[in-house]
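*Asks:*
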Amino acid sequence: MKWMKLGALAIASLVMVGCQSNGDGQSQAQETYNESAADRYMTQLYTKAERIIKREDGVISRNGDQITILLDGDRSFDYNSAYIRSDSHKVLSALSALIAKNEKSKVFIGGHTDSLGRDEYNRSLSDKRAKSVSNYLTLRGVDKEQVNTYGFGEVSPIADNDTAAGRQKNRRIDIRITPNLDEF
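Quick note on numbering: the sequence shown equals residues 1 to 184 in our numbering.
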């Protein structure tokens, strides 16, 4: 079972890294230009996204050309449900509008659970939640070709699963926005 978890984590890591690479063999000068243009683009996108994400919704950060938004899973979904709660509609609608207007980006949505329950169930639930957020975004104008999803289940905790507070932090939606380097 541990090998399955490690394998799933490795695959998901490759997917997330793949969102950032262009691998098309462009010259160094062209890559430098692309990186500069992509950086300006992502800086503007991050500034706009910061205005959308409120503390009660989650947290936003930027590392290089990747914007990471961690939405509180308990605020976003009811227990054992993949149906998005109305508490999250405002932030997801605003995020949808922002991404739809910024078509030069890719979006990766990862669903996460705590460690309570069976591994298979948690993986399935997190996958359904990630797809639910993806559907919400695409129904509001985001191009479905921009979006990829993955359900991590319990394999990628950010807090201790031995405490209620830690488990609450682990139940989350992880949205990563990167530039589509083919567009720069």
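Note that CB positions come from ideal geometry on N, CA and C, so glycine has one too.
Which of the three DSSP states is assigned to Leu-70 in this structure?
*Replies:* strand
*Asks:* State the DSSP-derived secondary structure class of Tyr-83, mapped to helix, strand or coil.
*Replies:* coil
*Asks:* Am I right that Leu-95 and Ile-84 are in contact with their C-beta atoms under 8 angstroms? What's the rounded C-beta distance?
*Replies:* Actually they do not touch by this definition, with Cβ atoms about 12 angstroms apart.
*Asks:* For Ser-36, count the other beta carbons within 10 Å of its own beta carbon; 16 or more makes it buried, fewer makes it exposed. Which is it?
*Replies:* exposed
*Asks:* If you reduce the DSSP assignment to three classes, tell me which class Thr-163 lands in.
*Replies:* coil
*Asks:* Would you decide whether Leu-71 is buried or exposed? Buried here means 16 or more other CB atoms lie within 10 Å of its CB.
*Replies:* buried
*Asks:* DSSP three-state call for Thr-43: helix, strand or coil?
*Replies:* helix
*Asks:* Work out the CA separation of Glu-56 and Ser-132 for me, nearest whole Å.
*Replies:* 20 angstroms
*Asks:* Under three-state DSSP, which class holds Ile-52?
*Replies:* helix
*Asks:* Compare the Cα-Cα distances from Lys-97 to each of Tyr-41, Val-155, Leu-45 and report the closest residue.
*Replies:* Note on residue identity: the sequence assigns Ala, not Lys, to residue 97. Cα-wise, what sits closest to Ala-97 is Leu-45.
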